[in-house]
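Yeah, the sequence shown ends on 136 if you go by the UniProt record's numbering, and it's all consecutive.
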Amino acid sequence: MSFTKTYTVKDEHIDVQNIMDGLYYPFYMEWCRHDFIREVLGFDFEEQAHKGVNMVLSEYSLKFVRSLKSGDEFTVSCELFGDAKGLPRLHFKQTITCKNKVMTTGMFTGTCISAGGRPYLPESILEKIAGQPVLE
């Protein structure tokens with residue numbers, strides 16, 4: 001399952017080196033990932049939080065390849081993987097590309113936590129991710 005969104009670098013995200021500050025790359029990835037989770041998986045963060053269910057990240061890693069500059073139009077992709085060990089985790093492989101070049105790659109892992117604090121995935125998500133490739 002994959003998903004993409006297109007964005008434009010904002011001037012306020014540019015640092016003194018005239019490139020996008022590194023802290024904004026994961027924000028753009030988050031915006032794409034949240035849209036994917038809401039639009040494709042049907043999980044509304046605000047609605048679920050009111051019910052006591054929070055989707056949270058447990059880890060992520062980024063690799064910076066090239067820098068974005070002010071005004072660059074770029075695409076963020078989000079690809080979903082299940083967990084190879086069958087744990088209640090979702091893995092999102094994400095890439096930022098600009099002019100057909102990879103700028104940044106990332107891997108984000110998350111789960112849901114309810115009031116009890118134990119990780120799990122709601123049945124509605126499990127149904128939608130059945131048969132997805134797993135992250136090795």
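All C-beta atoms in this analysis are idealised placements derived from N, C-alpha and C, irrespective of residue type, glycine included.
**Asked** In whole angstroms, what is the alpha-carbon distance linking K63 and Y24?
**Response** Here residue 63 refers to the residue found at position 63 of the sequence shown. Here residue 24 refers to the residue found at position 24 of the sequence shown. Cα to Cα, K63 sits roughly 13 Å from Y24.
**Prompt:** When the cut-off is 8 Å and only beta carbons count, does E123 lie next to chain D?
**Reply:** The chain labelled as chain D is not found in the depicted structure, where only one protein chain is given.
**Asked** For F43, does the three-state DSSP call read helix, strand or coil?
**Response** Sequence index remark: in the sequence shown, residue 43 carries index 43 (1-based). F43: coil per DSSP, three-state reduction.
**Asked** Using CA coordinates, which residue listed in I125, E39 and E12 is at the minimum distance from T4?
**Response** Your numbering for residue 4 matches position 4 in the sequence shown. The residue with the shortest Cα to Cα distance from T4 is E39.
**Prompt:** Mind checking G42: buried by the 16 CB within 10 Å criterion, or exposed?
**Reply:** As a position in the sequence shown, residue 42 is number 42, starting the count at 1. Exposed is the call here.
**Asked** By Cβ distance below 7 Å, which residues in the same chain neighbour R33 in space, the five residues on each side in sequence not counted?
**Response** For the purposes of this step, residue 33 is taken as the residue at position 33 of the sequence shown. So the list reads C78, F92, Q94 and F108, once near-sequence residues are dropped.
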